[in-house]
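In what follows, a single structure is set out as structure tokens and then discussed.
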Amino acid sequence: MDGEGDDKWTVTDPAAVAERRGVAFERRTYEHEDAEHCEADAAGRAIVGLTDSKGRVLVVVRPEESHAVLPNETVDPGGDWAAVGREWIEGMMGVEATFDDVRLVREVEHLVDGGTESRTHHVVFDGSLVDPDATLDGLCDDNPWELRWLDAMPDWLPDDDPQGAHADIERFVGADG
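Given below as structure tokens:
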């Protein structure tokens, strides 16, 4: 993408990546109750659309809240979005992933009390398992989230998500699967 390292590309400048042909770009505004939100001190978020050999996408689900997101992690200032995404997949799930492309760069304006607090970038990667037969470790037993493979948008997932999680999943499975 914007650099090379250990035969894996890097993403350290999401704004430059957003200008590449074929990379979608969007702007969103997130309103927070206070300045201590999940991206308060972050440069952004690495979001991974990890697909398997059957074309399913991996999601992290909180069943009791009917909430699902693509695997993601915050990126520290000066960080590499691609490295953070790979490390999260490998560290949390015990499998190696390769990133094939960037599907979307999202610029997020964070508002607190109606005023702009900060701006971050979310990078949505198109990834796949290095070993198509790999088995995921799963999340720890006391984690309220669980992992699921989806081949279509679930009926239970609300589509009025202002933060884009629904749209991110839909990028990989389509509106009708």
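Under this note's numbering, think of the first position of the sequence shown as 11, with each following residue one higher. Ideal Cβ positions, reconstructed from N, Cα and C, are used throughout, including at glycine.
The three-state secondary structure of residue 140, taken from DSSP, is coil. Of all alpha-carbon atoms in 59, 102 and 168, the one lying nearest the alpha-carbon of residue 114 is that of 59. Take residue 68, set aside five residues on each side of it, and the residues of its chain with a beta-carbon closer than 7 Å to its own are 60, 81, 157 and 159, in chain order. For residue 98, there is no enclosing beta strand (DSSP E); the enclosing alpha helix (DSSP H) covers residues 91 to 103. For a cut-off of 8 Å, the C-beta gap from residue 83 to residue 71 is around 17 Å, too long to register as a contact.
With fewer than 16 other CB atoms across the displayed protein chains lying within 10 angstroms of its CB, residue 34 is exposed. For residue 89, the closest of 169, 161, 137 and 20 by C-alpha to C-alpha distance is 20. Buried is the label assigned to residue 24, since at least 16 other Cβ atoms lie within 10 Å of its Cβ.
Annotation: residue 62 to residue 138 spans about 6 Å, alpha carbon to alpha carbon. Exclusion of the five residues before and after residue 141 leaves 105 and 106 as the residues of its chain whose Cβ lies within less than 8 Å of its Cβ. Under DSSP, no beta-bridge partner is assigned to residue 33. Annotation: the continuous alpha helix (DSSP H) that includes residue 178 extends over 175 to 183. Rounded to the nearest whole angstrom, the CA to CA distance from residue 103 to residue 146 is 5 Å. Between residue 57 and residue 176, the CB-CB gap reaches or exceeds 8 Å. Apart from sequence neighbours up to five positions away, the residues of its chain that approach residue 129 with a beta-carbon distance below 8 Å are 117, 118, 119 and 120, ordered along the chain. Straight-line spacing of the CA atoms in residue 32 and residue 166 works out to 31 Å.
For residue 26, the enclosing alpha helix (DSSP H) begins and ends at 24 to 28.
Leaving aside the five residues that flank residue 79 on each side, the residues in its chain whose CB is nearer than 7 Å to its CB run, in chain order, 69, 70 and 175.
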